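Working notes, structure below.
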Amino acid sequence: MAEIIEGGGGGHGKHQKKRAKKHSSRVDMTPMVDLGFLLLTFFVLTTQFSKPKTMEINMPVIPKDSTKRVKINEDNAMTLLLTEKATKVYYYYGKFKNDASIIKTTDYSKEGFRKVFRERNNDMIAKVKILKDKLMKREIADSTYKRLVIKEKEQKNNLFVIVKADEKAKYKNIIDIIDELVIGDVPAYALVDISPAEKQVLKVMGEIK
Amino acid sequence: MGKIKIPKSAPSLDMTPMVDLAFLLVTFFMLTAKFRVNEAVPILPPASHSEKILPENMLQVTVDTAGRAFFSLDGQDVRKNLLKKMVQKYNITGVTESDMKRFAVMTEFGVPMSQLLAYIRGGEKERGKFDKESTGIPIDSVNNQLGDWIAFGWNEKQIDQQTKKISKDNWCRISIKADGQTNYKAIKRVMQIFQDRNLNSFNLITNMKTEAP
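Residue numbers (our numbering), protein chains in the order written: chain A, 1 to 209; chain B, 1 to 213.
Okay, here's the thing in structure tokens:
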């Protein structure tokens, strides 16, 4: 320990009796403490506190019989086109037309597509909010609330988002979009392949090669 | 007058509390530490706002920036059975009991079947070389080895879970881990392989975004 043990014991005078040296009852703990700190450093540096998180995604089961495929209401659909460009998102509403003028662009920021979703999804968000207020005021029970919210989310005229990613798009962009869809409370979305026609339009626009 | 004697005392400092604290911290970190599993390739998953914690029991496919696929599955018994099935299917001879044991404790791997034995038997250095240079588990439709790993692995896992009577909440989940810069093409292919085997629910691994949504 940080301690200097002064030469104790022994006689000072000639005539004093020689005494056995008084041993200090302390044990030198320096090595143990050293080891302790070494371990402490090791564990501090190796522990990982931020565990990775996960996002759950359910892909639709593809029925073998193509007539049983679910038809979506295209009027409420919004199609996002993701390309290799890390900053731009292209989107259009409704049915695809072979015309560059229907395609709008936005970006991945908060002011970008989150706003776009919100505007389109306003109706549902408002309705769910009313239900939530009712729940808070204890006008409806918890189970009723859950049932009504699910019913609201299953409405036919809700926003439906189709995410179409180009093969060169980055995984990060797709995760960003799914994350925003979850935050924006979009009730239904799907991950679909981009069609050649859509690619062609983007090409004509000069956005992809 | 005699000199005033200042009593000689050792410049001692009582360090007991500090040491106590240090050991307390050591104990804490030792008990809470969960070691990073050995990753075959460095992956930087994209960030999201999701707060769901990663499930413990997983069948995981990792895709790196080059689009190479790696496979891992939890559970040592399951892995042994899985290896047996795969070896049988791909007609690989000379697999010993010790190879099985080594395979059971391995983490992720990304080598085609032809290199698997060499990978299992290799030391840390050889495995590192394989991880860097191999082409990953083949995922193309002609030679879809990843599909076989998934199909057999999932099957063995189901059998294991039923015999061990594991509660449904802790059943194996599928996770896909990919680098943010991986091209969507590779991810799409991996998802396609899962969906071809009627597995439609995935966990996508992300890091946590620190800023509020």
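Glycine included, every Cβ here is placed at the ideal spot set by N, Cα and C. Since this is a predicted model, take the numbers as computed values, not measurements.
Runs of alpha helix (DSSP H) with 4 or more residues, each lying fully within the stretch 39-118 of chain A, are absent.
From the beta-carbon of residue 179 of chain A, the residues of chain B found nearer than 9 angstroms are 46, 47, 48, 49, 50, 206, 209 and 213. Identification of chain A residues near residue 54 of chain B by a Cβ-Cβ cut-off of 9 angstroms yields 51, 52, 53 and 54, ordered along the chain. Bridge partners of residue 189 of chain A according to DSSP: A:161. Look at residue 31 of chain B here: in three-state DSSP terms it is helix. Among the residues facing chain A, residue 163 of chain B is not included, as its CB has no counterpart in that chain under 8 angstroms away. Using a CB distance cut-off of 8 angstroms, residue 74 of chain B does not count as an interface residue toward chain A.
By the neighbour-count definition (other C-beta atoms within 10 Å, threshold 16), residue 178 of chain B is a buried residue. By the Cβ rule, the stretch 52-62 of chain B does not count as touching the stretch 173-191 of chain A, because fewer than three pairs are nearer than 8 angstroms. Put simply, the stretch 195-206 of chain B touches the stretch 158-174 of chain B. At least three CB pairs are less than 8 angstroms apart. The stretch 123-143 of chain B makes no contact with the stretch 157-170 of chain B, as fewer than three CB pairs between them are under 8 angstroms. Contact fails between the stretch 181-195 of chain B and the stretch 24-40 of chain A, because fewer than three Cβ pairs, one in each stretch, are under 8 angstroms apart. If you compare the alpha carbons of B:45, B:119 and B:194 with that of residue 131 of chain B, the shortest gap goes to B:119. With the rule of 3 Cβ pairs closer than 8 angstroms, the stretch 146-154 of chain B counts as touching the stretch 69-77 of chain B. Taking 8 angstroms as the threshold, the shortest C-beta distance from residue 121 of chain A to chain B does not fall below it. Within its own chain, the residues whose Cβ lies closer than 6 angstroms to the Cβ of residue 106 of chain A, once the five positions on either side in sequence are excluded, are 89, 112, 113 and 116, listed in chain order. When DSSP reads this structure, residue 60 of chain B sits in a beta bridge with B:72 and B:175.
Nearest CB-CB separation between residue 85 of chain A and chain B: not below the 8 angstroms threshold.
Residue 157 of chain B places its beta carbon less than 8 angstroms from that of residue 78 of chain B. The beta carbon of residue 167 of chain B does not come within 8 angstroms of any beta carbon belonging to chain A, so the residue lies off that interface. A residue is called buried once 16 or more other Cβ atoms fall within 10 Å of its Cβ, and residue 182 of chain B is buried on that count.
For residue 32 of chain B, the nearest beta carbon of chain A is closer than 8 angstroms to its own beta carbon. Non-local C-beta neighbours of residue 153 of chain A in its own chain, meaning closer than 6 angstroms and more than five positions away in sequence, comprise 187, ordered along the chain. With a threshold of 8 angstroms between beta carbons, residue 187 of chain B makes contact with chain A.
Straight across, the Cα-Cα distance linking residue 195 of chain B with residue 170 of chain A is about 21 angstroms.
Taking residue 77 of chain A as reference, the option from A:198, A:201 and A:157 with the minimal CA-CA separation is A:157. Inter-residue distance for residue 22 of chain B and residue 162 of chain A is about 55 angstroms (C-alpha atoms, whole angstroms). For residue 204 of chain B, the enclosing beta strand (DSSP E) stretches over residues 201-208. Distances from the CA of residue 167 of chain A to each of A:146, A:142 and A:194 were compared; the closest alpha carbon is that of A:194. Per DSSP, the unbroken alpha helix (DSSP H) holding residue 144 of chain A starts and ends at 142-153. Per DSSP, the unbroken alpha helix (DSSP H) holding residue 128 of chain B starts and ends at 124-133. Neighbours of residue 142 of chain A in chain B, taken as residues whose beta carbon is under 7 angstroms from its own, are absent, since the nearest beta carbon is some 21 angstroms off.
Under the Cβ criterion of 8 angstroms, residue 125 of chain A is not counted among the residues facing chain B.
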